[in-house]
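Presented below is the structure to which this report refers.
Number of protein chains: 2
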Amino acid sequence: MKSDALRGHLDALILAVLEKEPLHGYAVMQAIQVSSGGALELPTGSLYPALRRLERAGYVQGEWRMVGGRRRRTYELTKAGERALAAERAEWRDFAAVVEGVLRPGTTPA
Amino acid sequence: MKSDALRGHLDALILAVLEKEPLHGYAVMQAIQVSSGGALELPTGSLYPALRRLERAGYVQGEWRMVGGRRRRTYELTKAGERALAAERAEWRDFAAVVEGVLRPGTTPA
DNA sequence: TCTCTATATGTAGACAGTCTAGTTATCGGG
DNA sequence: CCCGATAACTAGACTGTCTACATATAGAGA
């Protein structure tokens, strides 16, 4: 996987794994890794800034918790985050359709 | 379409429209616009640097021509470019599958 | 006990590709 | 004569991702 192919789509993935249940950062990382079949091992230097960005945007809400002597910041999808996720999904569908249309060999549509 | 959703996938699109026939920059722009159903109007500030990058990489070969008093630089896909295109197509398939897997609502695979 | 791994969060700075906005130039139509 | 389409190109801004680093706890195993 090219390193920056995700550019512009990472937010969607994070919102998607937070849809089912609130997770803390490290768990988000693992959830994405699992649901991508191991293909995506996103570095913490990508994840944490993205989470803060999403929080600033009001799409997730973070809360500190102590669990077994370790501090965790658990993020929960907000209403605005749900709407953003729906928009991201629609956007992805459009984007994928466009790329596949151009990438498809042979026919050039009228 | 988010402005930088293409990030990392533009090269693939350019190589794809050059697969059928050699085109000059402006024609590449139009070909992508047409084959994307009008969704992608990529600015020349994105296109021309990308073409030069692809030429430096040896994936396309450019040649100056004069047509009706206007100079054109026509780009042709090289053998290496064909291989790169095949690789980009495979990469896109993988990428799309991964994103869709994570984005898909409901089930979290084991 | 000591060490190593996994857990857990975060920052600083590099990097690179895309975009904005601009330049130059020819041709054809109104 | 001017304007829009064609045609190519650059400088610099922008921004999101990555590399590498820093910190700290818990638990397993030697």
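Residue numbers (full-length UniProt numbering), protein chains in the order written: chain A, 1 to 110; chain B, 1 to 110.
Glycine residues also receive a C-beta, built at the ideal position from the N, C-alpha and C atoms.
Model, not experiment: these values are computed from the prediction.
key: Three CB pairs or more closer than 8 angstroms across the segment 37 to 54 of chain B and the segment 94 to 108 of chain B   = no
request  = Find the residues of chain B that neighbour Pro105/A, judging by a C-beta separation of less than 7 angstroms, and give them in chain order.
outcome  = Indexing the first sequence from 1 puts residue 105/A at position 105. Within 7 angstroms Cβ-Cβ: Glu19.
key: Ala110/B in three-state terms, based on DSSP   = Indexing the second sequence from 1 puts residue 110/B at position 110. Confidence at Ala110/B is low in this model, with a pLDDT of 43, below 50, so its placement is unreliable and no value can be given for it.
Rounded separation between Lys79/A and Glu41/A - CA only = The residue given as residue 79/A occupies position 79 in the first sequence. The residue given as residue 41/A occupies position 41 in the first sequence. Computed Cα separation, rounded: 28 angstroms.
message = Quick check on Arg56/A - is its C-beta less than 7 angstroms from some C-beta in chain B?
response = Position 56 of the first sequence, counting from 1, holds the residue named residue 56/A. For Arg56/A, the answer is no, since every Cβ of chain B falls outside 7 angstroms of its Cβ.
query = Are Leu51/A and Ile32/A closer than 7 angstroms when you measure CB to CB?
reply = For this step, residue 51/A is matched to residue 51 along the first sequence. For this step, residue 32/A is matched to residue 32 along the first sequence. Ile32/A sits away from Leu51/A, with the two beta carbons spaced by 7 angstroms or more.
inquiry  = Can you confirm whether Ala96/B, when its beta carbon is compared against all beta carbons of chain A, has any partner nearer than 7 angstroms?
reply    = The residue labelled residue 96/B in the question sits at position 96 within the second sequence. Output row for Ala96/B: interface = yes.
inquiry  = Check for me: the alpha helix (DSSP H) holding Leu51/B runs from which residue to which?
reply    = One-based indexing of the second sequence puts residue 51/B at position 51. Where Leu51/B is concerned, the enclosing alpha helix (DSSP H) stretches over Thr44 to Arg56.
Within chain B, the residues that Glu91/A reaches when beta carbons sit closer than 8 angstroms = Stepping through the first sequence from its first residue, residue 91/A is reached at position 91. Those within 8 angstroms of Glu91/A in chain B are Met1, Lys2 and Ala5.
query = Using a C-beta to C-beta distance shorter than 8 angstroms, which residues of chain B count as neighbours of Leu13/A?
reply = Within the first sequence, residue 13/A is the residue found at index 13, counting from 1. Near Leu13/A (Cβ distances below 8 angstroms), the residues of chain B are Val99, Val102 and Leu103.
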